[in-house]
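Structure, as structure tokens:
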Amino acid sequence: MKGLMQDWPLLCHKIIDHADIYHGDREIVSRSVEGPIHRTNYRAIGERARQVAKRLELDGIKFGDRVATMAWNTWRHMEAWYGILGLGAVYHTLNPRLFPDQIAWIMNDAEDRLLFVDLTFLPLVEAIADKVPSLEKIIVLTDAAHMPETKLKNAVPYEEWASEVDNDFAWNEFDENSAAGMCYTSGTTGDPKGVVYSHRSNVLHAMAVAQPDMLNLSSRDRMMPVVPLFHANGWSTAFVCPMVGASMILPGAGMDGQSIYQMLTEERVTMTAAVPTVWLMLLQHLQDIDGALPDLENVVIGGSACPRAITQTFQDKYGVRVMHAWGMTEMSPLGTVCSIKPEYAHLAGEEKLDLQAKQGHPPFTVEMKITDDDNNALPWDGETFGRLKVRGPAVSSAYYKGHGAEHFDAENWFDTGDVAHVDALGYMEITDRAKDVIKSGGEWISSIELENLAVSHDDVAEAAVIGIAHPKWDERPLLVIIRKEGSTPTKESILEFMSGKIAKWWMPDDVAFVDEIPHTATGKIQKTVLREQFKDYSFPGT
Ligand code: ADP
Numbered sequence: 287m288k289g290l291m292q293d294w295p296l297l298c299h300k301i302i303d304h305a306d307i308y309h310g311d312r313e314i315v316s317r318s319v320e321g322p323i324h325r326t327n328y329r330a331i332g333e334r335a336r337q338v339a340k341r342l343e344l345d346g347i348k349f350g351d352r353v354a355t356m357a358w359n360t361w362r363h364m365e366a367w368y369g370i371l372g373l374g375a376v377y378h379t380l381n382p383r384l385f386p387d388q389i390a391w392i393m394n395d396a397e398d399r400l401l402f403v404d405l406t407f408l409p410l411v412e413a414i415a416d417k418v419p420s421l422e423k424i425i426v427l428t429d430a431a432h433m434p435e436t437k438l439k440n441a442v443p444y445e446e447w448a449s450e451v452d453n454d455f456a457w458n459e460f461d462e463n464s465a466a467g468m469c470y471t472s473g474t475t476g477d478p479k480g481v482v483y484s485h486r487s488n489v490l491h492a493m494a495v496a497q498p499d500m501l502n503l504s505s506r507d508r509m510m511p512v513v514p515l516f517h518a519n520g521w522s523t524a525f526v527c528p529m530v531g532a533s534m535i536l537p538g539a540g541m542d543g544q545s546i547y548q549m550l551t552e553e554r555v556t557m558t559a560a561v562p563t564v565w566l567m568l569l570q571h572l573q574d575i576d577g578a579l580p581d582l583e584n585v586v587i588g589g590s591a592c593p594r595a596i597t598q599t600f601q602d603k604y605g606v607r608v609m610h611a612w613g614m615t616e617m618s619p620l621g622t623v624c625s626i627k628p629e630y631a632h633l634a635g636e637e638k639l640d641l642q643a644k645q646g647h648p649p650f651t652v653e654m655k656i657t658d659d660d661n662n663a664l665p666w667d668g669e670t671f672g673r674l675k676v677r678g679p680a681v682s683s684a685y686y687k688g689h690g691a692e693h694f695d696a697e698n699w700f701d702t703g704d705v706a707h708v709d710a711l712g713y714m715e716i717t718d719r720a721k722d723v724i725k726s727g728g729e730w731i732s733s734i735e736l737e738n739l740a741v742s743h744d745d746v747a748e749a750a751v752i753g754i755a756h757p758k759w760d761e762r763p764l765l766v767i768i769r770k771e772g773s774t775p776t777k778e779s780i781l782e783f784m785s786g787k788i789a790k791w792w793m794p795d796d797v798a799f800v801d802e803i804p805h806t807a808t809g810k811i812q813k814t815v816l817r818e819q820f821k822d823y824s825f826p827g828t
């Protein structure tokens with residue numbers, strides 16, 4: 287017997303329609319790339335998105351075609367996304383922080399036909415456009431008055447391009463499993479891999495993100511996604527905000543502490559989201575100007591582990607709740623949020639911070655397990671760690687063109703590449719990346735745990751731990767450190783500080799002091815490069 291409910295395809299453009307009808311006047315405030323603050327609302331975004339869809343159609347863009355964007359978070363980027371989506375084409379976000387050749391490679395892999403680009407990135411596009419034969423037109427997200435000289439053959443200003451048609455356009459209807467968007471993983475190992483979201487996965491994922499134990503977002507929020515739309519599906523903010531009718535405050539190219547602070551305070555932001563590096567810059571700025579955050583209630587921190595000091599400072603000094611989150615491009619991206627279940631409601635002080643250092647528990651739609659190398663499930667005791675695997679309706683089932691098939695198994699479990707433990711209540715804590723974990727005498731040592739301990743030393747600015755080949759133990763940890771300016775910690779003083787706080791066999795065998803630690807385009811420590819730098823290193827006495 288079948289259910290007798292309507293088949294209402296979960297299409298992303300229904301989200302902007304909903305926002306237009308029920309939250310039409312809600313403000314979308316952007317720092318424009320040209321400079322001034324720009325104000326619009328969901329009604330206008332919806333109308334302009336229809337215009338973009340109609341104009342794209344005039345350019346011959348069809349269902350399933352890839353349309354790239356290389357842009358900051360602004361209202362124009364939102365209009366472009368929904369225009370692409372409502373036509374049935376596929377948005378493809380490009381990360382401008384990647385190497386130019388890598389971007390060209392990605393565009394060729396996706397066969398992008400058009401590109402929406404911000405003024406900031408025009409020189410970058412000028413350098414690579416000739417290497418992307420599929421690229422027919424470049425739409426510069428500005429107006430004719432701000433359009434610079436460019437050697438690009440087919441570049442047009444967005445405003446004039448869009449105004450060649452009106453907004454009388456009916457969204458296309460199609461199967462909810464059709465591709466909606468693409469985002470490539472940053473490819474710190476091997477070529478980048480294309481993740482393809484569907485309309486259905488984006489809609490279901492946004493519904494999961496909005497839940498009270500996840501981002502708990504509502505029409506009363508003024509949400510500022512500092513995380514760019516080009517990073518891991520923009521953490522779903524372009525979908526979840528209009529879905530619940532939250533105002534969006536879009537920081538444009540202003541990613542420094544002062545610009546972020548200005549938007550947070552002048553635009554009365556209640557919730558914001560970004561990677562830890564952004565929050566370090568903001569907290570430094572707040573300290574410099576002796577500032578306050580009277581309207582901000584929640585800050586979502588993810589992308590890499592949130593340092594305890596950030597959580598503590600936000601909560602104790604500024605009265606802002608920290609929501610530590612974990613996810614990845616392949617998961618749309620949200621996997622877990624560390625919200626507090628009633629069993630943990632009594633925690634305070636250091637114990638609460640211990641809990642908040644965990645990445646948290648998943649929403650409905652994300653299944654999770656940890657396994658050993660032979661795929662045997664491991665216990666959820668908050669200690670035993672293993673490979674973290676996930677599945678669900680907003681988790682990738684494959685990469686574009688079938689690359690990286692080894693990450694998916696027959697039962698649809700996707701191997702995240704992360705190593706984690708899970709406690710009895712389902713709180714997950716990442717202890718490492720599978721390729722970074724140090725395998726010593728058949729046991730695993732968490733490089734992240736050692737790094738976290740090392741950076742809690744007052745004289746340490748940044749720390750990275752890598753495994754170095756060892757004749758007896760297979761691998762042993764080497765601690766690489768950047769000293770804080772003006773301090774002179776020694777190997778002995780650091781090891782003495784760590785001693786007693788971790789198992790004896792986890793203690794690094796040596797400490798190396800460096801001036802710089804390499805980072806990826808999304809701000810993570812690039813262990814592959816670091817391992818390369820230390821490839822000729824051997825421990826004293828081995
Ligand atoms: P990129 O490398 O381009 O940022 P992703 O956002 O997909 O790509 O990266 C996902 C990975 O980032 C995760 O598999 C995990 O290793 C790491 N990560 C994300 N959030 C956290 C977190 N809160 N704590 C620790 N690691 C995290």
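Going left to right, the sequence shown walks through residues 287 to 828 as the working numbering numbers them.
Here a beta-carbon is modelled for each residue, glycine too, at the ideal position from N, C-alpha and C.
In this text, all values refer to a predicted model and were calculated from it rather than measured experimentally.
With a threshold of 7 Å (Cβ to nearest heavy atom), would residue i be considered close to the ligand ADP?
i, result
"Arg719", "yes"
"Cys527", "no"
"Ala591", "yes"
"Gly613", "yes"
"Gln860", "Only positions 287 to 828 of the chain appear in the structure, and residue 860 is not among them; the question remains open."
"Gln645", "yes"
"Ala560", "no"
"Asp477", "no"
"Pro511", "no"
"Ile301", "no"
"Asp404", "no"
"Gly467", "no"
"Thr355", "no"
"Gly588", "yes"
"Lys810", "yes"
"Ala524", "no"
"Pro537", "no"
"Ile370", "no"
Taking buried to mean at least 16 other C-beta atoms within 10 Å of its own C-beta, is residue i buried or exposed?
i, result
"Lys340", "buried"
"Asn463", "exposed"
"Phe385", "exposed"
"Leu290", "exposed"
"Glu735", "buried"
"Glu782", "exposed"
"Lys348", "exposed"
"Trp730", "buried"
"Glu553", "buried"
"Met510", "buried"
"Trp391", "buried"
"Ala496", "buried"
"Arg506", "exposed"
"Leu620", "buried"
"His632", "exposed"
"Gly786", "exposed"
"Phe402", "buried"
"Met287", "exposed"
Going by C-alpha distance, which of the options is nearest residue i?
i, options, result
"Phe700", "Glu653, Trp730 and Tyr713", "Glu653"
"Ile575", "Gln544, Val555 and Gly605", "Gln544"
"Ala310", "Leu405, Pro528 and Arg352", "Note that residue 310 is Gly in the sequence shown, not Ala. Measuring from the Cα of Gly310, the nearest candidate turns out to be Pro528."
"Ala532", "Glu553, Asp542, Leu503 and Lys638", "Leu503"
"Ala430", "Leu405, Leu421 and Asp416", "Leu405"
"Val823", "Ala789, Thr814, Glu771 and Ile754", "The displayed chain sequence assigns Tyr, not Val, to residue 823. Ranking the options by Cα distance to Tyr823, first place goes to Ile754."
"Gly467", "Leu380, Ala539 and Asp454", "Leu380"
"Val741", "Pro757, Met784 and Ile752", "Met784"
"Ile314", "Asn359, Asp452 and Gly577", "Asn359"
"Pro434", "Leu408, Pro295, Ile767 and Tyr328", "Leu408"
Round the Cβ separation of residue i and residue j to the nearest angstrom and send it over; I've been treating them as touching at under 8 Å.
i, j, result
"Lys725", "Ser590", "Not quite, the Cβ-Cβ distance comes to about 22 Å (not below 8 Å), so this is no contact."
"His378", "Ala354", "4 Å"
"Gly668", "Asp709", "3 Å"
"Ala492", "Phe525", "4 Å"
"Phe694", "Ala684", "6 Å"
"Arg769", "Val746", "7 Å"
"Asp796", "Pro826", "6 Å"
"Gln337", "Asn458", "Not quite, the Cβ-Cβ distance comes to about 15 Å (not below 8 Å), so this is no contact."
**Prompt:** At which residue ranges does the stretch 548-621 contain complete beta strand (DSSP E) runs of 3 or more residues, listed in the order of the chain?
**Reply:** 557-560, 584-587 and 607-613
**Prompt:** Fully enclosed by the stretch 385-432, which alpha helix (DSSP H) runs are 4 residues long or longer?
**Reply:** 386-396 and 408-414
**Prompt:** Which runs of the alpha helix (DSSP H), 4 residues or longer, sit entirely within the stretch 359-383?
**Reply:** 361-373
**Prompt:** Taking only runs of the alpha helix (DSSP H) that begin and end inside the stretch 705-785, which ones reach a length of at least 4 residues, in chain order?
**Reply:** 733-741 and 777-784
**Request:** Would you list, in sequence order, the uninterrupted beta strand (DSSP E) runs of no fewer than 3 residues that lie entirely inside the stretch 782-806?
**Result:** 796-799
**Request:** Could I get the ranges of all uninterrupted beta strand (DSSP E) runs contained in the stretch 650-689, with 3 residues as the minimum, in chain order?
**Result:** 653-657 and 672-677, all fully within the stretch 650-689.
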